[in-house]
Structures are given as structure tokens and as C-alpha cells.
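The structure under discussion appears below in the form of C-alpha cells.
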Amino acid sequence: MNMAINTFKQGLLAGKPQIGLWISLCSPFAADVVSCAGFDWTLLDMEHSPNEMPTVLGQLQAMQQGTTTPLVRPVWNDPLLVKRLLDLGAPGLLFPMIQSVAEAQQAVASTRYPPNGFRGVSLAQRGNRFGRTSDYFDQVEAQTCILIQLETQHALKQAKAIANVDGVDGIFFGPADISADSGHLGTVNDPSVWDDIMATAEVVRGEGKAVGTLVGDAQKAIDLIENGFTFVACGSDLGLLARGSDALLSTVRQGIS
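The numbering of the sequence shown is the working numbering, which starts it at -5 and goes up by one.
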């Protein structure tokens, strides 16, 4: 039994747009629903949702039937948590709040077995199909996608060097935190913030690395992809539920005479 090909990572390397959805509901059942929609990738968020290892496991299991690649964002650049998520079989990780080359190097090293890093070795875990994946140790580095999230003005200034860290597959911009760090808390669409993001994205693309982000608007997602972004989450399961339920109730109330 060979290790599965990471189609999301392949898409990044080929420069093919990858359309994603943010996952915050922490529900295997909800993950099962969206896994059938046909998104290229989803992001199971542990940083800003009450996800824990058991709920992440359930969502990874629920998404097995679909063609969507489920990535995970750990709460921090924590090697112990990274080890456990990879053992669960996460095909890729998005590391939050990376501020330097050294932090990006630590992130990558935590996903690599010795001598390339310091990931602890388990011979039987979900990631290697409980010891059944014969080429796991040969292929896991090539099939694991490593994304680095930049969230401050300081990080943007380090973007070129961070993008060139060996093992980094893409740079993800966090508009909400960049906005806050730039003095525009809660104003994620401030033009000056996006000017900074777009200028930095151009630098990163010039180094041959994919760039991505999260937005809550379909047209914004389209515009970003048409302007060189490779992987964009165009919404979230939480947002779809909240906005959809609001719209449904409003429509019915307005229709009652």
C-alpha cells in the first residue's frame, strides 16, 4: 500500500488555482457535508475554534470519502502538537503567526524525521495507515504540504526570506491580523492593508512560492486568483451557517403580511 498523492500540494506546484473553505464548526458531520461539495482544500482550524485532537480526527475521517484535501491549522508553532497532527494523517499544516526565518525553519523541522528534522517516530499511526503504508518514510516529506502564515507588518518584511526556507510550499496572508497590526482593527478590507499584502505576494511569487489567504466574499476570491493568488479560501462553514440562517429568517419575516 503506497502513500496517497497530495493533490493540493501538486496543484500548488503546478500553479493551478486551489479553491478552499475554512472549517470552524468542529463537527465531523458538517465536514462530511462540505467534503462532497468539490472544494480543492479545506482548513480545519484549531487556533480560532474549539477544535481538539478528537474533533480534528473525526473531521479527517469524515472527509476521506471526498476529493478535498483537509489541511489543519494548529494553535501555535508547537512541535508536540505538530507531531500528533501528522500522526493523525493531516496532509498539510498551516503554521500561524510566523515572524522570522528561524520560526519557519522550526515549523518545517517539526514535520521532518531525523536527520532532516526532529519529528518523533511512530511505526503504527493513522498517517501511515497503522503501519500498512510501505513507502511512508520515503514519501511523507514530499506529500506533506507546509504553509506559513504571515500576520504582522514585521512578518511581511521577512516574507522573501521566509518563502525561501527549504520545505515551505506556500505563504498565507492573514488579513485580519495584518489589519490590526497596521492600526485598522476589524477593517480587513482597508485598501492600504491590501496594498501591502499584494505587494508582498508579488515578492513571494517572484521566489517561486504559492500565495494564499482567506476572504469572505466570492468576488474577492475570484479577483485574488485572477491576480496571482494560488490558494484562496472563499468563505467558512461558520459564515455559511450564520449568514444563511440570517437570510432565511429575514426572507420569511419580510414575506409575512
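Even for Gly, the Cβ is constructed at its ideal location relative to N, Cα and C.
Check	Outcome
Does DSSP put residue 119 in a helix, a strand or coil?	coil
At which residue ranges does the region 172 to 243 contain complete alpha helix (DSSP H) runs of 4 or more residues, listed in the order of the chain?	185 to 200 and 212 to 220
To which residues of the same chain is residue 24 closer than 6 angstroms at the C-beta, ignoring the five residues directly before and after it?	231
Mind the definition here: the region 132 to 147 touches the region 85 to 92 only if three or more C-beta pairs lie below 8 angstroms; say whether that holds.	yes
Unbroken beta strand (DSSP E) runs of length 3 or more, entirely within the region 61 to 89: which are they?	63 to 67 and 86 to 89
Considering only the beta carbon of each residue, do residue 164 and residue 225 sit closer than 8 angstroms?	yes
Using the Cα positions of residue 250 and residue 140, report the straight-line distance between them to the nearest angstrom.	51 angstroms
Enumerate in chain order the residues of its own chain whose CB-to-CB distance from residue 52 is below 6 angstroms, with the five nearest sequence positions on each side excluded.	22
Ignore the nearest five residues each way along the sequence and tell me which others in residue 114's own chain have a CB closer than 8 angstroms to its CB.	77
Between the region 234 to 241 and the region 190 to 207, can you find at least three pairs of beta-carbon atoms closer than 8 angstroms?	no
What is the rounded straight-line gap between the Cα of residue 173 and the Cα of residue 123?	41 angstroms
Tell me the rounded alpha-carbon separation between residue 19 and residue 72.	23 angstroms
Leaving out five residues before and five after residue 175 in sequence, what residues of the same chain have Cβ atoms less than 6 angstroms from its Cβ?	146 and 147
Cβ atoms of residue -5 and residue 138: under 8 angstroms apart, would you say?	no
Tell me the rounded alpha-carbon separation between residue 5 and residue 246.	42 angstroms
Taking residue 167 as part of the beta strand (DSSP E), name the residues at either end of that continuous run.	164 to 167
How big is the Cα-Cα spacing for residue 236 and residue 171?	22 angstroms
Could you tell me whether the Cβ atoms of residue 36 and residue 65 are closer together than 8 angstroms?	yes
Which residues bound the alpha helix (DSSP H) around residue 156?	153 to 157
Can you tell me whether residue 93 is helix, strand or coil according to DSSP?	coil
For residue 83 versus residue 121, is the C-beta distance shorter than 8 angstroms?	yes
Taking just the CA atoms, how far does residue 182 sit from residue 136?	34 angstroms
Would you mind reading off the limits of the alpha helix (DSSP H) that contains residue 1?	1 to 8
Drop a sphere of 10 angstroms on the beta-carbon of residue 206, count the other beta-carbons inside from all chains shown, and report buried for 16 or more, exposed for fewer.	buried
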